[in-house]
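The next block holds one structure in the form of structure tokens; read it before the comments.
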Ligand SMILES: NC(=O)c1ccc[n+]([C@@H]2O[C@H](COP(=O)([O-])OP(=O)(O)OC[C@H]3O[C@@H](n4cnc5c(N)ncnc54)[C@H](OP(=O)(O)O)[C@@H]3O)[C@@H](O)[C@H]2O)c1
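In structure tokens, the structure reads:
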């Protein structure tokens, strides 16, 4: 029993498959599910994994079951999979869905099933994900270590308290969208200044990638990195003043708060 089942192999599920296969995992030990045959055919062709539309069959011999469907389907789906998972010696269920609590998942499964709640983000598509996970009470140290190792194939992985998960969702889960929006706004600002759109796009995209690489590799923290390029009475501070006076910092406070609230609401629906 050493299969990894990826239930609902969409964006996040596919990213996990890609990371696992790239890290040397035998593709035939991975079984992915979807409802649409075209999607399954694509995953078989692209990664050499096994596929099925039968979720029960997929979890049958799985040591790890990654639930990658949209949050609203998770609890009902776990109820349907409960018996099949319970028939295995020790299957660890890992949910990557926003908002769904460990308790809700444990309630849907047979008593004693190890459950890990994880929060990934889409840079896992290029091996640069930020994953956070919270283990349920039936997860052993070895099982948590194994989950961290599997998620580690697509990015950094930290263990956090479940009470922090809504905030984690609002920060790292959705942060890529915030950075994409900033990049999009910069492109439009460049066009407004008269730059051709393709040039503005090249400038904004490469600046985002470069700033990301600096944040990742520099010993300076983001505050210092910004100070480093803020000459007294210079051009950058003129721009930064406009951003601050326009309320960018408060906007992020409110955005992250709204995201965390929505994550809590999604969890409360189950
Ligand atoms: N995207 C993000 O930035 C992000 C970040 C953090 C966490 N998450 C979490 O990751 C999860 C997946 O998000 P996503 O963006 O990957 O969604 P997605 O691309 O829509 O993937 C969901 C997949 O589930 C499949 N599916 C739906 N119902 C199914 C069923 N009954 N049986 C088998 N497969 C089923 C769908 O394919 P078919 O229609 O072919 O069945 C689809 O490919 C969500 O819970 C989300 O909260 C996402």
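In the working numbering, the protein residues as written are 680 to 949.
Quick reminder that beta carbons are idealized off the backbone N, C-alpha and C, glycines included.
Check                                                                                                               : Outcome
Residue 715 classed as buried or exposed, judged by whether at least 16 other C-beta atoms fall within 10 angstroms : exposed
Buried or exposed by the 16-neighbour rule on C-beta atoms within 10 Å, applied to residue 694                      : buried
Alpha carbon of residue 783 to alpha carbon of residue 754, nearest angstrom                                        : 7 Å
Delimiting residues of the alpha helix (DSSP H) encompassing residue 696                                            : 690-701
Assigned secondary structure, residue 680 (DSSP; H/G/I helix, E/B strand, else coil)                                : Confidence in residue 680 is poor, its pLDDT being 48 and thus under 50, which makes the residue's placement unreliable; the coordinate value appears in the next sentence. Residue state, collapsed to three classes: coil.
As assigned by DSSP and simplified to three states, the class of residue 901                                        : helix
For residue 745, the residue or residues it bridges with in DSSP                                                    : 685, 773
Cβ-heavy atom distance, residue 713 to ligand 1, below 7 Å                                                          : yes
Closest by C-alpha distance to residue 886, when choosing among 865, 848, 718                                       : 865
Where the alpha helix (DSSP H) containing residue 719 begins and where it ends                                      : 716-726
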